[in-house]
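Just so we're aligned, residue 18 is where the sequence shown starts under this note's numbering, counting upward by one.
Where a beta carbon is used, it is the ideal one built from N, C-alpha and C, also for glycine.
Keep in mind the model is a prediction, meaning the values are calculated, not measured.
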Amino acid sequence: MKIALIDSGLGLLAAAAALRRLRPDAGLVLSSDPVGMPWGPRTPDDVVQRALTVARAAAAHRPDALIVACNTASVHALPALRASLEPGLPVIGTVPAIKPAAAGGGPVAIWATPATTGSPYQRDLIRTFAASVDVTEVPCPGLADAVEHADEAGIDRAVEAAAIRTPREVRTVVLGCTHYELVAERIRAALRHPGLPEVTLHGSAGAVAAQALRRLGDVAAPATAAAAAAVAEPGELTVLLSGRRGSLRDAALTYAEGRLLAAVTRVH
């Protein structure tokens, strides 16, 4: 089995690491766009073209499925990617985990990029899945960029600013950008208040990894599948940077997800 993931940058690490935990034997193709990132401020048409370029570069390595591990690309480019690559290559998009977060009854906060916060796309998800709960949309300027460059001080500043904008009573937070999952524990710590329960964070990485495996017919229980895969030879890792062969960048290795991919893999 081989699965490709695309994103503008390091946001794909969370879903890739989730796949690696579930199926250490699966080959992974990580196709990002450091030349063109960030995608968030770009026009929708530009996002579509850049996503198609990195997806086609990944498709050349003949994966069995492709994960769009980026909220921005899923919003703007998913129809074009599916039109270009399916049915030969199943394409799985990323959706903010608003539905499971709202199931707990709220209140809920959604941390997202400034471009996504208040967007028709996010507001539609809120109306569809969280109409009955109190939802606060929290813009996080600079957080994705700081995560991308492993800028520790920048991450701290952006997380602190977003935590201040999050109502104290909120104990459920949706991470509406895949980059944010790489600093989930720092976000949880910033939202900790004496006398209140720990915050529950809802990311998309685990769900999108599981969905990709289901699309490929891997329906075994996660523990059973992982145990079986663990005894197999580790899967290959192919890294594409704006279409060119590369390797995991130093910034990726500052995160647990990047270190996991480097440790449980065969570089191809």
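| said: Could you pull the DSSP bridge partners for proline 113 from this structure? | reply: Proline 113 is not bridged to any residue.
| said: Three Cβ pairs or more, each shorter than 8 Å: is that satisfied between the stretch 186 to 204 and the stretch 19 to 34? | reply: yes
| query | What's the C-alpha gap between alanine 238 and proline 41? | reply | Reliability of the predicted coordinates at alanine 238 is poor, the pLDDT of 46 falling under 50, and the value obtained from them is presented with this limitation in mind. Approximately 15 Å between the Cα atoms of the pair.
| said: My parser needs the alpha helix (DSSP H) runs of 4 or more residues fully inside the stretch 185 to 232; what are they? | reply: 201 to 207 and 222 to 232
| Of all the alpha helix (DSSP H) runs that stay within the bounds of the stretch 246 to 271, which reach a length of 4 or more residues? | none
| query | With distances taken from CA atoms, which of Leu160, Pro107, Asp162 and Gly159 is nearest alanine 75? | reply | Pro107
| request: Round the Cβ separation of alanine 175 and proline 156 to the nearest angstrom and send it over; I've been treating them as touching at under 8 Å. | output: About 10 Å separates the two Cβ atoms, so there is no contact after all.
| field | Span of the alpha helix (DSSP H) around serine 91 | value | 88 to 102
| query | What number of angstroms, rounded off, separates the C-alpha of proline 363 from the C-alpha of threonine 145? | reply | With the chain represented from 18 up to 285, any question about residue 363 goes unanswered, as that position is not in the structure.
| query | Beta carbon of glycine 263: closer than 7 Å to some heavy atom of the ligand NAP? | reply | With respect to the ligand NAP, the structure shown offers nothing to examine, as it has no ligands at all.
| Paired residues, beta bridge with valine 108 - DSSP | Leu83
| 6 Å Cβ shell around glutamine 139 - same chain, five flanking residues per side excluded | Thr133
| Separation of alanine 34 from methionine 18, as counted between CA atoms | 15 Å
| What number of angstroms, rounded off, separates the C-alpha of aspartate 151 from the C-alpha of arginine 185? | 13 Å
| task | Provide the residue span of the beta strand (DSSP E) that contains threonine 153, from first to last. | result | 152 to 156
| field | Helix, strand or coil at leucine 47 according to DSSP, with G and I counted as helix | value | strand
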